Amino acid sequence: MREALRLMVPIVLAAMLNPLNTSLVVTALAPISADLGVAAGDTAVLVAVLYLASATVQPVAGRLADDFGPRRVMVTGSLVLGLGAAIGWTATNLAGLVVARILIGLGGAGAYPAGMLLIQRAAHAAGETGPPRGRLAVLNVVGQATVAAGLPAGGFLVELAGWRGTFAVNVPLALLAVVTALVLIERDPPGPPRRGSLARQLDLAGILLFAAALIALLGGLLISSGAATGVLLAIGAVASAVFVRHELRVPTPFLDLRALVGNGALSRTYLRTGIGLVGVYVVLYALPLWLQDRQGFAPSAVAFLTVPVMVVGVVASIAVARMRAPWLPLAAAALASLGGAGALVVSVLAAATVLPVLVATALFGIVMGATSAANQQALYVQADPGRLGTAAGLMRTAHFLDSIWSTALVGVAFQHGVTDGGLLVIAAVVAVASVLMLALAVGDRALRRT
320 MREALRLMVP IVLAAMLNPL NTSLVVTALA PISADLGVAA GDTAVLVAVL YLASATVQPV
380 AGRLADDFGP RRVMVTGSLV LGLGAAIGWT ATNLAGLVVA RILIGLGGAG AYPAGMLLIQ
440 RAAHAAGETG PPRGRLAVLN VVGQATVAAG LPAGGFLVEL AGWRGTFAVN VPLALLAVVT
500 ALVLIERDPP GPPRRGSLAR QLDLAGILLF AAALIALLGG LLISSGAATG VLLAIGAVAS
560 AVFVRHELRV PTPFLDLRAL VGNGALSRTY LRTGIGLVGV YVVLYALPLW LQDRQGFAPS
620 AVAFLTVPVM VVGVVASIAV ARMRAPWLPL AAAALASLGG AGALVVSVLA AATVLPVLVA
680 TALFGIVMGA TSAANQQALY VQADPGRLGT AAGLMRTAHF LDSIWSTALV GVAFQHGVTD
740 GGLLVIAAVV AVASVLMLAL AVGDRALRRT
């Protein structure tokens with residue numbers, strides 16, 4: 320118990336920083352706009368760049384953790400995040416804040432894959448054969464809880480210290496993560512022997528192509544301009560094709576695509592991760608807009624109505640940690656997502672909206688907790704043990720993809736304003752995704768054996 324606590328303290332401190340910062344800055348956007356004299360819409364880039372940086376770098380950080388050790392990656396990442404926070408704290412223009420948010424995204428990206436590797440290392444040292452469900456559950460719950468805590472914490476910090484407080488708070492947290500990692504985590508063993516240049520060993524060209532493809536594709540989804548979207552998506556498609564061709568030809572690829580295709584169980588876990596939380600993000604992004612614009616709810620009331628997502632999500636994640644068959648909670652999550660889509664429809668059609676909205680948010684809380692925890696357990700078993708960091712990083716990228724194309728869905732559905740019809744379209748898409756999730760959970764024989 321003492322050794323587990325010793326291990327989890329630095330993992331939790333490092334792993335909380337990335338999800339915390341995805342939501343922490345949201346309440347600071349309006350004050351930033353007013354203080355720096357920039358358009359309110361322009362400050363949204365501070366949210367987007369962190370998503371892009373994190374989604375792109377997660378598997379890269381995982382690969383570095385696989386090759387050079389999770390402790391090194393965790394310490395280095397926390398230092399980079401702290402540097403970004405310090406830059407944001409003292410920035411005097413939007414460009415400085417963009418640089419700060421990119422560094423925060425880059426620095427925080429390594430904590431999750433490094434944490435997974437450290438948990439694996441501890442499990443192997445203890446002679447454990449199955450997934451260390453308790454420690455995996457802690458890692459999962461930390462991510463969910465800190466995303467939820469980011470909004471109220473950001474509001475409190477803005478009230479207390481202005482928008483700069485949302486950056487300043489990261490500096491001591493990052494330093495604490497560094498100190499605890501150095502003190503409580505054993506040194507990493509020496510890295511692998513060099514085989515040629517470091518760039519070739521890491522497949523630097525593959526990493527750059529992967530980053531270019533992902534940034535272009537995600538940028539195309541996030542930008543609402545028709546012409547720019549088309550150009551970025553075209554660049555992303557070309558870069559993706561070049562990336563695949565490159566990875567299939569090099570001896571030590573950044574992503575072993577042949578192995579990934581051959582590991583169908585792991586590929587399906589990524590697919591489930593990439594579509595499984597669409598309904599959750601709809602509740603977080605679209606439902607508040609609809610409740611305020613169409614139903615006249617105050618922001619405080621909207622915040623209250625979305626609380627069940629986080630509370631039920633944490634409870635569901637803890638419950639799933641006790642289950643040995645991940646397909647069961649995944650099937651339950653798919654059914655809950657389908658029910659949540661139905662509750663959204665009822666919210667539009669019924670005269671009274673509070674009860675069906677509460678039902679929807681509670682059901683999507685089940686989806687969030689059960690999907691994340693069960694897929695994490697499946698990944699731990701299905702991934703190549705020697706490449707768990709890369710695999711975990713890819714799963715985090717899939718999480719960010721889920722969020723980004725959910726944002727794109729909301730943008731398309733509400734492109735002419737927030738309407739009842741737009742929410743019904745969103746509910747229909749969520750229902751289709753739920754049916755696909757159910758098929759992937761029930762019909763996956765490999766998952767049943769996990």
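Each residue of the sequence shown is one higher than the last, beginning at 320 in this note's numbering. Glycine included, C-beta positions come from ideal geometry on N, C-alpha and C. Bear in mind the structure is a predicted one, so any value in this text is a computation, not a measurement.
Residue from the options with nearest C-alpha to residue i
i	options	result
L590	L698, L608, L348	L698
P704	T375, L324, D385, D361	D385
L501	S722, A746, S636, L398	L398
P508	L437, L521, P471, A472	L437
S656	G453, V761, A752	A752
G688	L649, Y431, P491, L713	L649
T726	L494, Y604, H718	Y604
V561	I526, T592, L579, N582	I526
T625	S373, W609, A349, R325	W609
A524	V498, R506, L567, V497	L567
A404	A349, L458, Q439, N337	N337
A710	L647, V379, A531	V379
V737	Q463, G615, V580, N582	G615
I351	R391, T341, S342, T362	T362
A584	Q463, L355, A702	A702
L540	L728, V490, L755	L728
S342	Q463, V634, R325, V664	Q463
Buried versus exposed call for residue i [16 or more other C-beta atoms within 10 Å across all chains shown]
i	result
R587	buried
A553	exposed
D721	buried
R506	exposed
A467	buried
L674	exposed
L770	Residue numbering for the chain in the displayed model covers 320 to 769; residue 770 lies beyond these limits and cannot be assessed.
For residue j and residue i, believed in contact at Cβ under 8 Å, the rounded distance
i	j	result
G396	G426	5 Å
A546	G598	About 31 Å separates the two Cβ atoms, so there is no contact after all.
G593	A760	At roughly 14 Å, the Cβ-Cβ gap does not stay under 8 Å, so G593 and A760 are not in contact.
V331	V498	Contact flag wrong, Cβ pair sits at about 14 Å.
A635	L455	Their Cβ separation, rounded to whole angstroms, is 14 Å, which puts A635 and L455 out of contact at 8 Å.
Pairwise C-alpha distance: residue j and residue i
i	j	result
R564	L533	16 Å
G360	V366	11 Å
A620	V550	41 Å
F719	A617	29 Å
I685	A445	32 Å
T548	A410	30 Å
F683	V602	8 Å
V628	A681	5 Å
R382	P572	11 Å
L416	L713	27 Å
G555	V731	20 Å
T375	I421	11 Å
A493	L402	9 Å
N694	P491	32 Å
S691	W646	12 Å
The alpha helix (DSSP H) enclosing residue i, as first and last residue numbers
i	result
R764	764–767
F771	The question about residue 771 has no answer here: the residues shown for the chain are numbered 320 through 769.
I685	673–701
L422	413–427
Q611	597–612
L647	646–668
M642	Run containing M642: none; DSSP gives neither H nor E here.
V580	576–581
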